[in-house]
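*Asks:*
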Ligand SMILES: Cc1ncc(C[n+]2csc(CCOP(=O)(O)OP(=O)(O)O)c2C)c(N)n1
Ligand SMILES: Cc1ncc(C[n+]2csc(CCOP(=O)(O)OP(=O)(O)O)c2C)c(N)n1
Ligand SMILES: [Mg+2]
Ligand SMILES: [Mg+2]
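Protein chains in written order, with UniProt numbering: chain A, 1 to 325; chain B, 1 to 325; chain C, 1 to 324; chain D, 1 to 324.
What follows is the structure, given as structure tokens:
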């Protein structure tokens, strides 16, 4: 896999940006500036960044409730995303969506989803369109382990398989759906075994190794693009933070958390890039500084942006026409 | 497999009874005495009879839209079932259910289901109860190929697997869901491969060979009874008739139909029993006569029974209490 | 003018829209070689091929999701639920996804798909006979169309396919066999325009879907008794043409609402409430009656099923009740 | 009397019923060690073990189906949907199976399960905030309970668990934190009995779930302006205590109905229609107003969400409108 230095650095930057963005979100959630709850992507950065960079810009993604990382990797304007979390009118969804519904049509991002597994049939529908339009576009469909036990997963993956649709199913197996471990929710250890039920390629990979993610996803994307049908990739990873704001994490041990943190996807990639002479301490510092500024600017934008007007509640229910009162 | 002559004869009789019952239904459907539509079990008799006889009386079944055969094998009173099809007040459901909702709590029959796959989660719930009650009961859950692409199948089988529930999933693969062939609806040839997705035993068998059905189901039932968890059995078969009343069968060939009819499960079993000296022509004639009489009696009962009163519409909405008008 | 059936009307609308716009395609169970459980898509596979008349596995959530997803990419899917009762399986995609995408995404995307589904009692038991329009009517973001005549079926289906929002298109099984005049020429019918199917002065019968035919027959009977009923068919439930309803009820001072769905929580209650909350309240001379299916599942037995379905006689009785 | 929160009230009801009847068990997502997304089942795993407090995979159709199936075998499952919005995934099991089993099987079987689910807007966007009671209210065979206070939550949940029919038990997220008096002693509350939460002479405010608290506050405000509002909480929607509603409205001659759900097709319309079709019609001095969530999905931004939820001010304004 020969990647340009530029691309490798971009991927590294994306990972840092995700982590720093999420740290800020964590802060503002716990301080009440962001209302409701949110699901942080910290610890899983290698998957979104590796996968999305393995595809082309014209390709699409569908995302999840834990979706900030996917959106950043796909190129969302983080000012707008942060403003959305703050419920501001300048947000990605004009404040109507919040964290669970970040979307970005400019970057071919079909949006996050508050329903576990809810985005999978939609991704398959998008892939059906791509196939009918013969435009060579591929859809990356992200979800986590919990979603694999939704009926929607089953129906949609089967349809994608039967019709050879250009979609890559990427399971971010972060070992838990909320408090429920994969051991409790599945009777299989290797979730990629589910691919056999649909006769599509299935592979389990180390989701904390960005280059592994990149390579495997790229292969799957190219196969899909050549009309070779869908694949299932299960990337093993871990969410460092609680499931959401109010999670006391009583269902897992500190040791387990520690072990996974030692396998930090960013630190691992950093080591690689250092070894390749692409990164050094100075460069890392520069990058971090740049990203800090970018994230700070997003926060500032979000904070300074106005809330929507009350009357905006009636907009966007229908494309045309009015809401009945 | 040592079965008593008595039991073998009973199984043979059940198969004949199903076929003759269904032939009568076919007649009365096409003559308008039975309204609506119905789905005939002709050609698939070996599965219901083999499977249900491999279990014990105390075990339960859950059935499908093509459910007359399961009900007969489980011991339903065919007078009541026929009366139900005629919409009579003496019917299994007092005329409220019709063919799609035959049920018989006396014989531990949890009922047919109009929703493809709809009975699978219910069977799993029943199995959960059996497990909690530690009563050694097993649930036989019948469905056909089409149901395997319902999300409900996926969710329910996974739960049964994770909790080691005493349920045997029996797919009657009759090659079609309505007009849609297994080839069109699946990208796998052997549907029992789906078992791997849940790490349960999965096996494909000849569903037109009753003793094969019997043996494989018995093993699965005993495993389930010993707390060994669920299994998936895919029994290959064919429905001789159209999907339902109005089916012109344009989606399949006469040759295919002929080939399958040559593999008639009843004729095959008859040959076996003859070879074993359990059956001869005289005995066959006696059995057929007896069953003809039984089915005729059911028809007579159905025809002579009264329709419900209009006011009966308001009964049975709730166990207690009234319907709001 | 030529007469065709409801079934043909739907078929023609699909055919014409598929000819007009190559992005329109059909997806559903057994809609291809089988022609649909009710024969509605007959012949379309031959004309447009498997790509545009796509048979699916029995996966209603998958079908609805495919429609949502494809619609986001510029396609114009027309998905079929073989029976309306099966929206229960697809309802996450309908209610939480399709209906809300435009709104929760702040207008960034829209989902222009149509979901066609036959409703209504027709000898098939509790799980194949429901009229569940109230469930869709409640969900902001959906448009809900429920036509009666072949003319309305055709014109409104064409409008539905061209609409930029998710449209729930509810057909009635018994409407497939009803005949009516339909011009050869192209036409569409705008949403939100009720149709006065019969003019009258003494009271307004607001009836939906197949009940329109029964209401019209009841009105003829009533005419013999000197009662002049107006029969108003809303045709689209969302948007609902309250203006015409209010106008009619203000004129007649009396109303009955007729639908086949269960009374409790049916759309009839909402229509009553909207009338009561309008200027028509001040013209009301009598309570507004609802003549509907009862609050029971739909029973199978023909005797019970015909008791379930609001009959001409029950409509007449309901009308006479409020005229006393 | 001691005061406890809505959350504690539900928890106590579950605990007591599980102690009373060993067939009662809980099933749902993250209800065990996590104690439920809203902490409602806290401590129950410790007390009753994994067998009776069963965490599931994220499979709502499977959960509902498991509840239906287990209930047919003599168990008394209490299943939780983590958010009411997820009934969309389980709705085939709820609507086509659980609700209809007793009826379509001619009374041969019954399905005594409870489905608990938190509804209501609370800063979580369009897919986690809906009040979808209208969808359940429409389906014959279901009982639908929607309590407000801790006292009602506890007493009605106990009744629900003992009921022999499928009961949809709708909690409000904001009700979990509300405090109220709840006796130490055992009690249950019968279905179909509305509670007059405040007596008054000038008009009737019919309010459900968390809107009861707002209606009571509005009534206090109105009292300062010399307007004496009666606040009626139906508590159970199916069965609905129309007798009390008709009595109250006949007394006051005026009514407003308040719910958080979207107006169109919400239960408010049905209640209005039932009032209009009752003897209370003849006592009505003004139109009946509905004060409800608008016909839009629930938006996320706090500014928009608080515009969505009917406020004390809006209730007061609605009341003043009809009093003019
Ligand atoms: C259908 C549905 N069920 C339940 C929930 C509540 N919920 C939100 S996230 C979550 C856990 C999801 O687990 P997983 O799919 O593994 O994603 P992860 O949070 O691990 O990224 C649950 C149960 C939901 N949003 N949607
Ligand atoms: C959820 C659902 N979708 C569609 C239907 C309509 N339908 C009834 S039977 C049937 C075919 C079922 O195929 P399969 O499960 O293979 O059963 P078979 O008829 O072959 O016994 C269909 C599509 C239904 N009843 N339920
Ligand atoms: Mg996970
Ligand atoms: Mg089949």
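No residue lacks a Cβ here, since even glycine has one placed at the ideal position from N, Cα and C.
Could you pull out every residue in the same chain whose Cβ sits closer than 7 Å to the Cβ of residue 285 (chain C), ignoring the five residues on either side in sequence?
*Replies:* 253, 254
*Asks:* Am I right that residue 60 (chain C) and residue 90 (chain C) are in contact with their C-beta atoms under 8 Å? What's the rounded C-beta distance?
*Replies:* 4 Å between Cβ atoms; contact.
*Asks:* Three or more C-beta pairs under 8 Å: does that hold for the region 40–57 of chain A against the region 210–218 of chain A?
*Replies:* yes
*Asks:* Count the other C-beta atoms from every protein chain shown that fall within 10 angstroms of the C-beta of residue 297 (chain A), then say buried if there are 16 or more, exposed otherwise.
*Replies:* exposed
*Asks:* Only counting the same chain, and skipping five residues up and downstream in sequence, which positions put a Cβ closer than 7 Å to that of residue 32 (chain D)?
*Replies:* 45, 50, 53, 55, listed in sequence order.
*Asks:* Look up residue 8 (chain B) in the DSSP assignment and say whether it is helix, strand or coil.
*Replies:* In the structure shown, residue 8 (chain B) sits in a helix (DSSP, three-state: H, G or I).
*Asks:* Against chain B, which members of the region 125–154 of chain A pass a CB distance test of less than 8 Å?
*Replies:* 149, 150, 151, 152, 153, 154
*Asks:* Considering only heavy atoms of ligand 3 and the C-beta of each residue, which residues fall inside 6 Å, strictly closer?
*Replies:* In chain order, the qualifying residues are A:144, A:145, A:146, A:174, A:176, A:177.
*Asks:* For the beta strand (DSSP E) containing residue 118 (chain D), list its first residue and its last residue.
*Replies:* 114–119
*Asks:* Using 10 angstroms around the beta-carbon of residue 154 (chain C), count the other beta-carbons present and answer buried if the total reaches 16, otherwise exposed.
*Replies:* Per the 10 Å Cβ criterion, buried.
*Asks:* For the alpha helix (DSSP H) containing residue 292 (chain D), name the first residue and the last one.
*Replies:* For residue 292 (chain D), no alpha helix (DSSP H) encloses it; the enclosing beta strand (DSSP E) starts and ends at 289–293.
*Asks:* For my contact list, residue 122 (chain B) and residue 97 (chain D) are in at a C-beta cut-off of 8 Å; report their separation, rounded to the angstrom.
*Replies:* 6 Å
*Asks:* Residues bridged to residue 28 (chain C) by DSSP?
*Replies:* C:55, C:80
*Asks:* What would DSSP say about residue 90 (chain C), mapped onto helix, strand or coil?
*Replies:* helix
*Asks:* Which of the residues in the region 260–277 of chain C, read from start to end, lie with their CB under 9 Å from any CB of chain D?
*Replies:* 261, 262, 263, 264, 265, 266, 267, 268, 269, 270, 271, 272, 273, 274, 275, 276, 277
*Asks:* For residue 162 (chain C), list the residues DSSP reports as bridge partners.
*Replies:* BP columns for residue 162 (chain C) are empty, so no partner.
*Asks:* Sort out for me which residues DSSP pairs residue 144 (chain A) with in a bridge.
*Replies:* A:172
*Asks:* Are the beta-carbon atoms belonging to residue 174 (chain B) and residue 238 (chain B) less than 8 Å from one another?
*Replies:* Residue 174 (chain B) places its beta carbon less than 8 Å from that of residue 238 (chain B).
*Asks:* For chain B, is any of its Cβ atoms less than 8 Å away from the one on residue 301 (chain D)?
*Replies:* no
*Asks:* Under the DSSP definition of a beta bridge, which residues are partnered with residue 109 (chain B)?
*Replies:* According to the DSSP secondary-structure assignment, residue 109 (chain B) is paired through a beta bridge with B:61, B:104.
*Asks:* Given that residue 103 (chain C) touches chain D, what residues does it touch there, using C-beta distances under 8 Å?
*Replies:* 126, 296, 297, 299
*Asks:* Excluding the five sequence neighbours on either side, which residues of its own chain have a C-beta within less than 7 Å of the C-beta of residue 268 (chain D), listed in chain order?
*Replies:* 257, 259, 290, 292
*Asks:* Can you tell me which of the three DSSP states residue 132 (chain C) falls into?
*Replies:* In the structure shown, the three-state DSSP call for residue 132 (chain C) is coil.
*Asks:* Is residue 250 (chain A) buried or exposed, if buried means 16 or more other CB atoms sit within 10 Å of its CB?
*Replies:* Classification for residue 250 (chain A): exposed.
*Asks:* Is residue 306 (chain B) buried or exposed, if buried means 16 or more other CB atoms sit within 10 Å of its CB?
*Replies:* exposed
*Asks:* What do you reckon, is the C-beta of residue 97 (chain D) under 7 Å from a heavy atom of ligand 2?
*Replies:* no
*Asks:* If residue 141 (chain D) sits next to residue 317 (chain B), beta carbons under 8 Å apart, how far is it from one beta carbon to the other, in whole angstroms?
*Replies:* 6 Å
*Asks:* Within the 8 Å Cβ cut-off, does residue 326 (chain B) reach chain C?
*Replies:* Because chain B here runs from 1 to 325, residue 326 (chain B) falls outside it and cannot be looked at.
*Asks:* Give me the Cα-Cα distance between residue 205 (chain C) and residue 225 (chain D), rounded to the nearest whole angstrom.
*Replies:* 42 Å
*Asks:* At 7 Å on the CB atoms, spell out the chain A contacts of residue 30 (chain D), in chain order.
*Replies:* 178, 179, 180
*Asks:* I'd like to know if residue 68 (chain D) contacts chain B, where contact means its C-beta is closer than 8 Å to some C-beta of that chain.
*Replies:* yes
*Asks:* List the residues of chain A whose Cβ lies closer than 9 Å to the Cβ of residue 57 (chain D), in chain order.
*Replies:* 146, 148, 149, 150, 177, 180, 184, 185, 186
*Asks:* Please list, in chain order, the chain A residues whose beta carbon lies closer than 7 Å to that of residue 237 (chain C).
*Replies:* Near residue 237 (chain C) there are no residues of chain A at all, since even the closest Cβ is about 11 Å away, more than 7 Å.
*Asks:* Identify every run of the beta strand (DSSP E) within the region 16–83 of chain A, keeping only runs that are complete inside it and at least 3 residues long; order them along the chain.
*Replies:* Complete beta strand (DSSP E) runs here, min 3: 60–62.
*Asks:* Taking C-alpha atoms, which residue in C:276, C:180, C:22, C:231 lies nearest to residue 198 (chain C)?
*Replies:* Among C:276, C:180, C:22, C:231, the Cα nearest to that of residue 198 (chain C) is on C:231.
*Asks:* Just to confirm before moving on: does the CB-CB distance between residue 81 (chain C) and residue 115 (chain C) stay below 8 Å?
*Replies:* yes
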